[in-house]
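Take 81 as the starting number for the sequence shown in the working numbering and just add one per residue.
What follows is a set of notes on a single structure, which appears directly below.
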Amino acid sequence: MNKVIETKKLCKTFSNGGIQQHILKNVDVQIYEGDFTVIMGASGAGKSTLLYALSGMDKPTLGEIHFCGEEISKYTDDKLAVFRRKNCGFIFQQIYMMDKMSLLDNVLASGLLATKNKKEVTKRAVELFHKVNIDEITYRKFASQISGGEAQRAGIVRGLINKPSVLFADEPTGALNSSNSTAVLDVFTDFNKEGQSIVMVTHDLRCALRGNRIIYLKDGQVAGECLLDPYKPKDAARRTKLDDFLKEMGY
């Protein structure tokens, strides 16, 4: 399998009142093409910090990040912004969209940053909306007029509009009820089956079960990894394997 991202001795330190807080400590990880990688760990373990570093949203204090063959850890802020636009899609727990723009226009605003071909971007946006079960009536509504589940699925469309090498998600179902969470996770699973590489941070076992590779962080370091078979609903053996791994990690 091809490596999409690789880190070498990745460190991230924050200063709080003159006290150095070491959030990531010499982290070596690899993200492979087509994988659905899940990052887990207790609160404060460094999960989101690692996600932001891998995606180029934040720079490491020390170490290297190689993404699609480029060492992005040495990029200037401007060059990094261009790289992210072309190679990264982002989905967060809270989907921030312009309330006075339709869902479609919110997505087009992101897509047109990468290409000026509005016809092409609109065609892809409509196709993606249909894939996540959002019809034309809904995607022409203002962002303030839709449900949380619809907003999160629209966020996935926005994250995928530029055909990213990797889709990054930070607790994407944290603000959703059970049924909406399942619908969103089904969308992630479907896109991953089509070959989309995904890296997701979660503390939710239901979310973690969708991944085929679980990376567990403890105190800013990789404590272990678990490889799972492709996701199938109600796969008891798969659930048991993940449960056993998380118990071993002390989760």
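Backbone N, C-alpha and C fix where the C-beta goes; we use that ideal spot for every residue, glycine too.
Keep in mind that this is a model prediction, so the values were computed, not measured.
Q | Whole-angstrom distance between Glu230 and Ser259, CA atom to CA atom | A | If you draw a straight line from the Cα of Ser259 to the Cα of Glu230, it comes to about 12 Å.
Q. Quick one: Cα of Leu160 to Cα of Leu240, how far?
A. For the pair Leu160 and Leu240, the Cα-to-Cα distance works out to about 18 Å.
(Q) Can you tell me whether Ile241 is helix, strand or coil according to DSSP? (A) Ile241: coil per DSSP, three-state reduction.
(Q) Please report the straight-line C-alpha distance between Thr218 and Asp138, rounded to a whole angstrom. (A) CA-to-CA, the gap between Thr218 and Asp138 works out to about 34 Å.
Q.
Measuring alpha carbon to alpha carbon, tell me which residue in Glu150, Leu184 and Asp157 is nearest Ala223.
A. The shortest C-alpha separation from Ala223 is found at Leu184.
Q: Hey, could you find the ends of the alpha helix (DSSP H) Asn272 is sitting in?
A: Segment Ser258 to Lys273, the alpha helix (DSSP H) holding Asn272.
Q. Once you ignore the five residues that flank Val187 on each side, which residues in its own chain have a CB closer than 6 Å to its CB?
A. Around Val187: Ala205, Val237, Arg238 and Ile241.
Q. Over what stretch of residues does the beta strand (DSSP E) that includes Val281 continue unbroken?
A. Residues Ser277 to Val281.
Q) Should Ser261 be labelled buried (16 or more other beta-carbon atoms within 10 Å of its own) or exposed? A) With 16 or more other Cβ atoms from the protein chains shown falling within 10 Å of its own Cβ, Ser261 counts as buried.
Q: Grab the span of the beta strand (DSSP E) containing Asp250 for me, first residue to last.
A: Val246 to Asp250 is the span of the beta strand (DSSP E), which, as asked, contains Asp250.
Q. Given a threshold of 16 other Cβ atoms within 10 Å of its Cβ, counted over all protein chains shown, does Pro140 qualify as buried or as exposed?
A. Here Pro140 is buried: its Cβ has 16 or more other Cβ atoms, across all protein chains shown, within 10 Å.
**Q.** Residue environment, Met178, which counts as buried when at least 16 other CB atoms sit within 10 Å
**A.** An exposed status is given to Met178, since fewer than 16 other beta-carbon atoms sit within 10 Å of its beta-carbon.
Q) How would you label Ile65, buried or exposed, when you count the other beta carbons within 10 angstroms and need 16 or more for buried? A) The question about residue 65 has no answer, for the chain in this structure spans 81 to 331.
Q: Count the CB pairs spanning the segment 101-117 and the segment 150-167 that are closer than 8 Å, and state whether there are at least three.
A: Taking 8 Å as the limit for Cβ pairs, the verdict is that the segment 150-167 does not touch the segment 101-117.
Q: Please check the pair Asn167 and Val281, which I expect to be a contact at CB under 8 Å, by giving their CB distance rounded to whole angstroms.
A: Between Val281 and Asn167 the Cβ distance is about 18 Å, and since that is not below 8 Å, they are no contact.
(Q) For Glu251, count the other beta carbons within 10 Å of its own beta carbon; 16 or more makes it buried, fewer makes it exposed. Which is it? (A) Classification of Glu251: buried, given that the 10 Å Cβ count is 16 or more.
Q: Have a look at the DSSP bridge pairing and note the partners of Tyr112.
A: Beta-bridge pairing links Tyr112 to Lys83.
Q.
Extract the residue ranges of the beta strand (DSSP E) inside the segment 292-323, only unbroken runs of 3 or more that lie entirely within it.
A. Residue ranges of uninterrupted beta strand (DSSP E) with 3 or more members, entirely inside the segment 292-323 and ordered along the chain, are 293-298 and 301-307.
Q.
Could you check whether the segment 293-305 touches the segment 265-273, counting it as contact only if at least three pairs of C-beta atoms, one from each stretch, sit closer than 8 Å?
A. Counting Cβ pairs under 8 Å, fewer than three are found: no touch.
Q: Label Lys89 either buried or exposed according to how many other C-beta atoms from any shown protein chain fall within 10 Å of its C-beta, with 16 as the threshold for buried.
A: Under this definition Lys89 is an exposed residue.
Q) Under a three-way DSSP split, which group does Cys91 fall into? A) Here Cys91 sits in strand by DSSP.
(Q) Please report the straight-line C-alpha distance between Asn257 and Val279, rounded to a whole angstrom. (A) Taking the straight line from one Cα to the other gives about 22 Å.
Q: State buried or exposed for Arg286, treating a residue as buried only when at least 16 other CB atoms are found within 10 Å of its CB.
A: Taking all protein chains in view, the Cβ of Arg286 is surrounded by fewer than 16 other Cβ atoms within 10 Å, so the residue is classified as exposed.
Q: Counting only the same chain and skipping the five closest in sequence on each side, list residues whose C-beta sits under 7 Å from that of Arg165.
A: Here the set comprises Leu193, Ala194 and Asn242.
Q: For the beta strand (DSSP E) holding Gly143, just list the boundary residues, first then last.
A: Counting along the chain, the beta strand (DSSP E) containing Gly143 begins and ends at Leu142 to Phe147.
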